[in-house]
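Here the structure is laid out as structure tokens; the discussion comes afterwards.
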Amino acid sequence: MANEEQVNILKQDVAVWNKWREKHFAVKIDLSQANLKGAVLIGANLSAADLSGANFSQADLCGAILSGAKLAGSNFLKVVMGNTIFGNSDLSEAIGLENVVHRAPSRVATDTFALSKGKIPEAFPQGCGLSSAEIECKELSNPKLSNEEMNRRFTSKPGSSGFCAFYLVEHKSWR
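What follows is the structure, given as structure tokens:
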């Protein structure tokens, strides 16, 4: 259950929230199950927060930072996004991602694709501004995929250009 004090601070104002986060950087943020429907959270620092089951429907998350946040069961139905940052976040159990309203591109890190294990609605990364080729490359960059599985997935896609395979081979050799 959400920490009511934290919910109240967030609902006051994003500037107040972000200053509070800076001052209390070691405090664990628990906004799980919070009802933030329609909230204006432009630029909110929600990084590393437990947002499990939170209702963000119709909220404005433009410029919000959701890196490292727990998002299982979070409702993103008709959320407005743009310049929103997702990194090291599992989106596989988030609800309503296919219905997000994208006002501008957002950043979705490769580790988010890996953690989500391919269970992100295709419309979401496209709405974030990623091309089909970028989405394909990010899905194939899952470090848990065997070389055989990567090759199977890549060569089974019609119109595959070979670019991703070359990139992944080179990228893997950098490790």
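Heads up: the sequence shown begins at 4 in my numbering, then just goes up one per residue. Even glycine gets a Cβ: it sits at the ideal position worked out from N, Cα and C. Fair warning: this is a prediction, and the values are worked out from it, not measured in the lab.
Against chain C, does V111 count as a neighbour if the rule is that its beta carbon must be under 9 angstroms from one of theirs? Checking the listed chains, one finds no chain C in this structure; it contains a single protein chain.
Distance, Cα to Cα, N91 vs A67? Rounded to the nearest whole angstrom, the CA to CA distance from N91 to A67 is 15 angstroms.
Under the three-state reduction of DSSP, which class applies to D93: helix, strand or coil? coil
By Cβ distance below 7 angstroms, which residues in the same chain neighbour N6 in space, the five residues on each side in sequence not counted? The answer, listed in chain order, is D33.
With burial defined as no fewer than 16 other Cβ atoms inside 10 Å of the residue's Cβ, what is the status of Q9: buried or exposed? buried
Checking the sheet assignment: what are the DSSP bridge partners for M84? H105
Check whether A57 and N38 have beta carbons under 9 angstroms apart: yes
For K14, which of helix, strand or coil comes out of DSSP? Secondary structure of K14 (DSSP, three-state): helix.
Secondary structure of S111, DSSP reduced to three states: Checking the sequence shown, residue 111 turns out to be Val, not Ser. Reduced to three states, the DSSP call for V111 is strand.
Opposing strand residues paired with I98 [DSSP bridges]: Within the DSSP bridge table, the entry for I98 names N78 as partners.
Close beta carbons around R106, own chain, < 8 angstroms, minus the five adjacent residues each side: So the qualifying residues of the chain are C65, V83, M84 and G85.
Counting only the same chain and skipping the five closest in sequence on each side, list residues whose C-beta sits under 7 angstroms from that of T115. F89, G90, N91, S92 and L94
Taking only the alpha-carbon atoms, compute the straight-line gap between N21 and E137 and give it to the nearest angstrom. Using only the alpha carbons, I get a separation of about 32 angstroms.
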